[in-house]
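Peer 1: Here it is, the structure in full.
In this note's numbering, the protein residues as written are 14 to 100.
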């Protein structure tokens with residue numbers, strides 16, 4: 014996978030994660046976790062690694078919301094700004 018492909022993949026993740034709902038994630042959150050983990054296995058630039066880290070934090074927040082019954086918890090959007098999930 015070249016850097017252009019990685020960039021497109023990250024943009025896709027950022028779009029999807031911004032629109033995930035903790036109670037109706039299709040495909041399941043484990044699918045997104047697996048795809049993120051696959052990006053860690055290829056050479057990427059530091060800025061892409063930082064974006065992956067932010068995406069993993071967002072995914073963890075969604076996973077936590079699922080395990081706590083979908084209760085809203087503050088988290089960060091893909092740019093790092095604090096937001097509250099939509100209800």
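Beta carbons are placed, not taken as given, at the ideal position from N, Cα and C, and that holds for glycine.
Provide the residue span of the alpha helix (DSSP H) that contains residue 49, from first to last.
Peer 2: The residue you call residue 49 lines up with position 36 of the chain shown. Taken as a continuous stretch (DSSP letters only), the alpha helix (DSSP H) holding residue 49 covers 42-53.
Peer 1: Between residue 20 and the rest of its own chain, which residues show a CB-CB distance below 8 Å, the 5 nearest in sequence each way excluded?
Peer 2: In the chain shown, the residue the question calls residue 20 occupies position 7. Cβ within range, chain order: 61.
Peer 1: For the alpha helix (DSSP H) containing residue 57, name the first residue and the last one.
Peer 2: Within the chain shown, the letter at position 44 stands for residue 57. Careful: residue 57 lies outside any alpha helix (DSSP H) and carries neither H nor E.
Peer 1: Secondary structure at residue 66, three-state DSSP: helix, strand or coil?
Peer 2: Stepping through the chain shown from its first residue, residue 66 is reached at position 53. Reduced to three states, the DSSP call for residue 66 is helix.
Peer 1: Can you tell me whether residue 86 is helix, strand or coil according to DSSP?
Peer 2: Position 73 of the chain shown, counted from the first residue, corresponds to residue 86. In this predicted model, residue 86 has a pLDDT of only 47, less than 50, meaning its place in the structure is not dependable; the value taken from the coordinates is given anyway. Of the three classes helix, strand and coil, the one that applies to residue 86 here is coil, per DSSP.
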